[in-house]
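The next block holds one structure in the form of structure tokens; read it before the comments.
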């Protein structure tokens, strides 16, 4: 089966019901996309399919078709992704970092859809779990990216 | 005056005596004078095992981790819980002392060897249609292959006086057929085979046929319009198996039915709820010919447009409601986007055949939302197809979503993409939440040996 | 960028496998090829052995810690693992300060196992107890100073100048009078040959001259973690590696019997082999997903252990339920063993104007770190074992793994990738670490094997934060002031659960947070009644404090109410004369805009209330105020948490603030929604579905003020947690008029 991943065509041979997550991690050897729950609960495995956010742990390989898969490895090749990464660093978002590939993907997908999301849209789209509690800082970085100014709170 | 009284008393006494005889009598069995074969052939035992699969005995007479067929499964009834019994050939606690005729009376007539009446949770009204040959084979299997297990039956929790069983005999008189399946001459052999499996061992009507006030199935075969027309049982709504395009399997081809029963999934859906047990333990083990026969028979049952309404057609309108900018203003949309859409997709079409569509699914179109409420609260058990577990399971959301959130997200689902199952109330969610438990995330295989 | 090359990532350095991320980071940032870098101050190829041979005091063997590369980048091997708490950056700041090298030029990796790294109070090594910075601060500064001294010596020879005339500026040695300037990177090779000076011979900087310490420097690991380049144990891979998934016994202690479908699973496409292990059956495959499906499919007859076997591990009985165990703890009688006592409890109660009593209880909680446990093991041709695993104590794991694998200590090379969250999860816990499985499978297959626990298998074996029921009684004087308090906790502490219960001792982990309270209540008695748990127990972020401060501070509010006192005013009164805590409590009051308890109506029309609580955990002090309301479903909404934290003295205020927000968030999660429920000996939840952790839409705004009192340095990773659940519960009690005496709040009926 052929997949388009980060702008390249690759040949994969996992079974059609294999979650895209494990095709990316095991077969393609790209480990930036994380396994957290395997049940679409946490969002650590988020990648983009044709620019839309999906959770790769519940995306069967057979569902991907000829959609363009974008993983965190290619995030800086995307101008929106590059901005997100810059702000993630500026706001010092990650702690343990394990959920952050997914957070960055979710942020990028939102901003690609709408470069100036409202606070509500940010809240609606940024639903991935973080056990370290970086939610406040994620929100600050998102407000900054959306041009809404940083929260009055705790930006460093 | 006195005379009348005496006459009345006399009548009552005679009726009572007759009644007493009737309700405690052992019904006749064609095997009454027949001795079972002492050493049945392996073929007969194998045939019996196949019938046990088709009748799904294990699903009720075993519990996960327990000895095969040793009973103990708790079944709720409106009067209190009952427990399924030990049907292993253990002489003390099981059916080791049952003659073939005793066995027949239990399976096809609902009468135990000691004469007491079984609760009709045991689907003997359906099993009564089983052929003599199949009963004989089943007996051979249970007495010669199933291992005896000394596990005492648990007493029922039905309180006195509701635990008196003789009135069941009267119920049987009215509601339980007592003749084996008679082929319909105007139909072909495949149809008749399918009808036999569906009505008899498969006891599909136990879940899929609506019940009357006395808990009786309203029809036992295609002669009744309500046969397999969909019913609520145990917190799951078993949809119509008739040719209703919306609430039944009208949009399915015979090949789809076959695939569903064989693989647990097809382009229309994935087994869940009570059907998961039927699939995991029963239908997947049937031969291709039998599954095709079942499909053939079911497709012969006409739908009811008056009940089913205008056939569903997809509409993409809800997709726009799921955009981040709109989600928070459409009740249920944010929950759907955050909790459901990654699997079932914003277009509601799922990821067939691994993850079912919600757009146009039977459960999104039937007026009774119990199955959807139940699966959202409790998730689904694991589908085990041909020894392989599913790659994707529906998680329970009872710990994450309030009654209102469940009601809202389901109301959203049931009105999106052309669905019109109707809204769900928070109260309906609250009621079901109390009565149910989450499904196990682990693969459960009920062993038959 | 598009890295489709599945070549072994954790194995780039051939015989001496190194963590990939740092190497790659280095390659890209330094722009040179691998081989050219192996110069410098000589990180030994077998660091454990080299370090062992030296037997210098831990934290002094400079070459075991530092490598300065020709491009002036400093590679530092950290005794503490990075799991989000910012310790790699903090270490770079501390060492860089005295070395006079910009922390930004540091590449920090976790050190291998070895004597040199036992820098926690100079005798052990754990990343835990919020010990890292406070226990090694001086040692690590000295290390930097020693390294600088060695560079100066080398420079003196090279420049032919007296050492006394040499100075440094970041990364360089300067001889002012001759204008000579040499980069550290150019001196490193010479410096390597020099003996490490006597630690007493170096003087440390005057804190007023600090260039980096106390600055909010940006964390070194953030760029990698924002771009998916950071490598966790889960991500490690080596040549020829197989993947394994396991099915654990449903209860700890059960043994695998017959696998009914063994042949079918073995015959699955891609399956390498199936193995019975201790309390688990593993499926090994070329790819993880195949192994995972195979492990799910296994139909195992689990066997009860013998009595002797039960004694070896914490056997989980089939009838255990948390509901019954909670009841058992609540009904546990007895005065217990005293952990803290002061004054005369008896006469205080006898002469009390009023007494209050109540029983509180806590719940089991999961670590629920987002990275499930995994381990990669490889036996090498020379008989050594390389093993990559998430851990908070490399030497302890090394010793245990050597024992398990039948190897000598120095034959076990422990690799400790950064942690995808830990919170106490990655200590040695019987039955809770995958390394025995990885070792056994690697041995059995003759190939490297990586075992990954799915979330379901992780939650089945995650050892739990203990639960406790605490019987409180308090005495008030005629004016309503508390004069006596007694707390008797029915609990098993994590330390005694792991190291064995001593009937003559209290496990301080079980009672901390009941003990050590700063309030001037003259008569007090804190005691523990030991009740053994069938569950495996663990340290959980802030350990005993994580529940005990919730329990104590709630009861303190009950005493305040009984005495007709405002809880904030009462705390100030009870802290009279304690300047540090008075300052702290006032600081949090100010941060919140001035104390107001409520209930009051917020601008959005909702009814709200605030609660306050304090805690003294791990050498630091914390005070928190929370504002709550109830939503339409009767669930608690936490709007804001204000927290003032005083760790005494600080290294990086930015990191401290973020750690406070992090710990506070975990506190919110615990008090609102977390509870491990066991039924029939098994945990009901096997994933985040039934064990939800705080999602973003329930996270409050968190406002942190760091108060630096100048007291002895305390911890920071854990201390901001314990006051938060209590502040929230106290706010809810005020709002609803119903006293909250247990967590989580989501399980309580609060609607009024």
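Protein chains in written order, with our numbering: chain P, 66 to 221; chain X, 78 to 526; chain Z, 8 to 759. Where a beta carbon is used, it is the ideal one built from N, C-alpha and C, also for glycine.
Could you give the DSSP three-state label for residue 134(X): helix, strand or coil?
The three-state reading of DSSP puts residue 134(X) in helix, counting H, G and I together.
Verify the CB distance criterion: does residue 128(P) have a CB-CB separation below 8 Å to chain X?
Yes, contact with chain X.
Do the stretch 526-545 of chain Z and the stretch 501-511 of chain Z touch if we need at least three Cβ pairs shorter than 8 Å?
The stretch 526-545 of chain Z is in contact with the stretch 501-511 of chain Z.
Would a C-beta distance cut-off of 8 Å place residue 157(P) and residue 226(Z) closer than the cut-off?
Contact flag set, yes.
Check for me: the alpha helix (DSSP H) holding residue 178(P) runs from which residue to which?
Start and end: 165-178.
Report all residues from its chain with a CB closer than 6 Å to the CB of residue 180(X); omit the five preceding and five following residues, and keep chain order.
Cβ neighbours of residue 180(X) beyond the five flanking positions: 216.
Would you mind giving the Cβ-Cβ distance between residue 120(P) and residue 377(Z), rounded to the nearest angstrom? I have them listed as a contact below 8 Å.
The C-beta distance from residue 120(P) to residue 377(Z) rounds to 14 Å, too long to meet the 8 Å contact threshold.
8 Å Cβ cutoff, residue 306(Z) in contact with chain X
At least one beta carbon of chain X lies nearer than 8 Å to the beta carbon of residue 306(Z).
Contact list for the stretch 284-298 of chain Z against chain P, Cβ threshold 7 Å:
Answer set for the stretch 284-298 of chain Z: 294, 295 and 296.
For residue 454(X) and residue 483(X), which I take to be in contact (beta-carbon distance under 8 Å), what is that distance rounded to the nearest angstrom?
Rounded, the Cβ-Cβ distance is 7 Å, consistent with contact.
What span of residues does the beta strand (DSSP E) with residue 308(Z) cover, start to end?
It spans 307-310 - the beta strand (DSSP E) in which residue 308(Z) sits, taken as one unbroken run.
Coarse secondary structure for residue 499(Z), derived from DSSP in three states
Of the three classes helix, strand and coil, the one that applies to residue 499(Z) here is coil, per DSSP.
Compare the C-beta of residue 186(P) with all C-beta atoms of chain X and state if any pair is closer than 8 Å.
It does; some Cβ of chain X falls within 8 Å.
In terms of residue numbering, what span does the beta strand (DSSP E) encompassing residue 537(Z) cover?
Residue 537(Z): member of the beta strand (DSSP E) spanning 530-537, first to last residue.
Let me know the alpha helix (DSSP H) ranges lying completely inside the stretch 80-140 of chain X, each 4 residues or longer, listed in chain order.
Within the stretch 80-140 of chain X, the runs of alpha helix (DSSP H) that reach at least 4 residues and sit entirely inside it are, in chain order, 119-132 and 134-138.
Looking only at its own chain, which residues have a Cβ that is under 7 Å from the Cβ of residue 688(Z), when we skip the five neighbours before and after it?
Excluding positions up to five away in sequence, the list reads 258, 323, 324, 325, 326 and 327.
In angstroms, rounded to a whole number, what distance separates the CA positions of residue 747(Z) and residue 495(Z)?
One C-alpha to the other measures close to 18 Å.
Contact set for residue 103(P): own chain, Cβ-Cβ below 6 Å, skip 5 residues either direction
Answer for residue 103(P): 122, listed in chain order.
If you measure beta-carbon to beta-carbon, which residues of the stretch 154-179 of chain P are closer than 8 Å to chain X?
Those would be 175, 178 and 179, in chain order.
Would residue 489(X) and residue 419(X) be called neighbours here (beta carbons separated by less than 8 Å)?
No, Cβ-Cβ distance for residue 489(X) and residue 419(X) is not below 8 Å.
Could you check whether the Cβ of residue 343(Z) sits closer than 8 Å to any Cβ belonging to chain P?
It does not: the Cβ of residue 343(Z) has no partner Cβ on chain P nearer than 8 Å.
Less than 8 Å between the C-beta atoms of residue 87(Z) and residue 365(Z), yes or no?
In this structure, residue 365(Z) does not lie closer than 8 Å to residue 87(Z) by Cβ.
Find out if the Cβ-Cβ distance for the pair residue 494(X), residue 392(X) is shorter than 8 Å.
Going by C-beta atoms, residue 494(X) is nearer than 8 Å to residue 392(X).
Rounded separation between residue 95(X) and residue 287(X) - CA only
Whole-angstrom Cα-Cα distance: 32 Å.
As a quick exercise: from 439(Z), 372(Z), 351(Z) and 350(Z), pick the residue whose alpha carbon is nearest that of residue 382(Z).
Among 439(Z), 372(Z), 351(Z) and 350(Z), the Cα nearest to that of residue 382(Z) belongs to 439(Z).
Taking residue 515(X) as the reference, give the member of 466(X), 331(X) and 349(X) with the closest Cα.
Ranking 466(X), 331(X) and 349(X) by Cα distance to residue 515(X) puts 349(X) first.
Three-state secondary structure (DSSP) of residue 118(P):
Strand, per DSSP.
Quick one: list the residues of chain P neighbouring residue 468(X), beta-carbon separation under 8 Å, in chain order.
The contacting residues are 82, 83, 84 and 125.
Taking only beta-carbon positions, decide if residue 628(Z) is within less than 8 Å of chain X.
Taking Cβ atoms only, chain X never reaches closer than 8 Å to residue 628(Z), which makes this a no.
Using a Cβ-Cβ cutoff of less than 6 Å, which residues in the same chain neighbour residue 229(X) once the five nearest sequence positions on both sides are dropped?
Counting only residues of its own chain and dropping the five nearest sequence neighbours on each side, residue 229(X) has a CB closer than 6 Å to the CB of 170.
Going straight from the alpha carbon of residue 220(P) to that of residue 221(Z), what length do you get?
Because the pLDDT of residue 220(P) is 41, which lies under 50, any placement of that residue in the model is unreliable, and the number read from its coordinates should be weighed accordingly. Straight-line Cα distance between these residues: approximately 18 Å.
Straight-line Cα distance separating residue 676(Z) from residue 280(Z)
Spanning the two alpha carbons is a distance of roughly 41 Å.
Closer than 8 Å, CB to CB, is residue 102(P) near chain Z or not?
So yes, residue 102(P) belongs to the interface.
Taking only beta carbons into account, state which residues of the stretch 461-481 of chain Z come closer than 9 Å to chain P, listed in chain order.
Listed by position along the chain: 461, 462 and 463.
Please name the residue or residues paired with residue 657(Z) in a DSSP beta bridge.
Looking at the DSSP assignment, residue 657(Z) forms no beta bridge with any residue, so it has no partner.
Tell me, please, whether the CB atom of residue 414(X) is closer than 8 Å to any CB atom in chain P?
Residue 414(X) counts as touching chain P.
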